[in-house]
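Protein chains in written order, with the numbering used here: chain E, 28 to 151; chain P, 28 to 151. Note that beta-carbon positions come from the ideal geometry of N, C-alpha and C, so glycine has one too. Just so it is clear, the structure is predicted and the values come from calculations on it, not from any experiment. Right, one structure below, let's go through it.
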DNA sequence: TAGGTATTTTAGTTATTGCTTAAATAATGT
DNA sequence: ACATTATTTAAGCAATAACTAAAATACCTA
């Protein structure tokens, strides 16, 4: 037992274990989702995903121009997104075009939909 | 101009500016979304959100027991989620019950749905 | 082959994050 | 008032993240 348990009215051992069991059953999915969300949870990367969703594909230079950022910084963000399976690369000559990966495209689109629809309640 | 622009076939200034303009129009929404996603993009916090979605409400102790983590660490995660407007607190005696905030509940549920349905394609 | 362009990688710096420990608050019961 | 319980806060630390600058790679064209 890592930390001292509370002695409270609600919640008994059986209840705790039930929660743990339900959690365990979805844990792989949650871990994978957390990985994608942490990638999308960066302002610059979310902008990049928005642009890719809108334009289908963009090269590193395009993104750097639009976001007015260092090419190297953009490239490093793209690498993270690619490593996370969120985007894919297609090389044409010396230009690399990035696009949303087919696998994660639905998730990304549903996330971005939330940005427009949900009237983003300001924090605090 | 922050970085040297590329001299490439696709993409001209007009195109870049068009992208920038579209981006600017959704930027407030994207920034707000990024804030929520970065909160949900942490494995522990996503587990907490899953549990809150499942059980409606839980106190700090419950979460610490289920996740087998330090009460203080849990409390600090809860604070971030509350500051971000993702959850809300209700105090009953000396126990504080946390639950998903009404405003962000739809977004959180749609995120969690992705964890079960989307057959989370493993990265790399 | 040489030079230029697009991109990636490496190294270094600074800022942020998540956790631990310990102390501080707050509410409850004696 | 005092001890107990639930939670929060503060301080410190190790790990991670994001950016800059510089060097390395890859591809194209003359």
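Contacting residues, own chain, Cβ-Cβ under 6 Å from residue i (five flanking each side not counted)
| i | result |
| --- | --- |
| residue 73/P | 67 |
| residue 91/E | 98, 101 |
| residue 117/E | 124 |
| residue 142/P | none |
| residue 150/E | With a pLDDT of only 42 at residue 150/E, under the threshold of 50, the placement of this residue in the model should not be trusted; the figure read from the coordinates follows. Nothing listed; no residue qualifies. |
| residue 42/E | none |
| residue 88/P | none |
| residue 58/E | none |
| residue 56/E | none |
Under 8 Å by beta carbon: chain E residues contacting residue i
| i | result |
| --- | --- |
| residue 70/P | 57, 58, 61 |
| residue 137/P | 137, 141 |
Extent of the continuous beta strand (DSSP E) run through residue i
| i | result |
| --- | --- |
| residue 116/P | 114-119 |
Cutoff 8 Å; reference residue i; Cβ partners in own chain excluding five residues on either side
| i | result |
| --- | --- |
| residue 52/E | none |
| residue 113/P | 63, 66, 67, 76, 127, 128, 131, 135 |
| residue 69/P | 104 |
Closer than 7 Å at the beta carbon, the chain P residues around residue i
| i | result |
| --- | --- |
| residue 22/E | Only positions 28 to 151 of chain E appear in this structure, which leaves residue 22/E out of reach. |
| residue 74/E | 50, 57 |
| residue 78/E | 46, 50 |
Chain-ordered chain E contacts of residue i [CB-CB under 9 Å]
| i | result |
| --- | --- |
| residue 43/P | 89, 92, 93 |
| residue 67/P | 60, 61, 64, 65, 68 |
Per-residue contacts from residue i into chain E (C-beta, under 7 Å)
| i | result |
| --- | --- |
| residue 143/P | 53, 56 |
| residue 49/P | 81 |
CB contact flag (residue i, residue j, <8 Å)
| i | j | result |
| --- | --- | --- |
| residue 94/E | residue 119/E | no |
| residue 54/E | residue 46/P | no |
| residue 138/E | residue 108/P | no |
Neighbourhood of residue i by C-beta distance below 7 Å, restricted to the same chain and skipping five residues each side
| i | result |
| --- | --- |
| residue 79/P | 85, 114, 125, 126, 127 |
| residue 111/E | 62, 63, 66 |
| residue 104/E | 71, 72, 75 |
| residue 178/E | Shown here, chain E extends from 28 to 151; a query on residue 178/E therefore has no answer. |
| residue 122/P | 86 |
| residue 44/E | none |
8 Å Cβ cut-off: residues of chain P touching residue i
| i | result |
| --- | --- |
| residue 105/E | Ordered by position in chain P, no residue passes the 8 Å Cβ test against residue 105/E, which lies about 14 Å from the chain. |
Whole runs of the alpha helix (DSSP H) within the stretch 63-123 of chain P, excluding any shorter than 4 residues: 70-82, 87-94, 98-110
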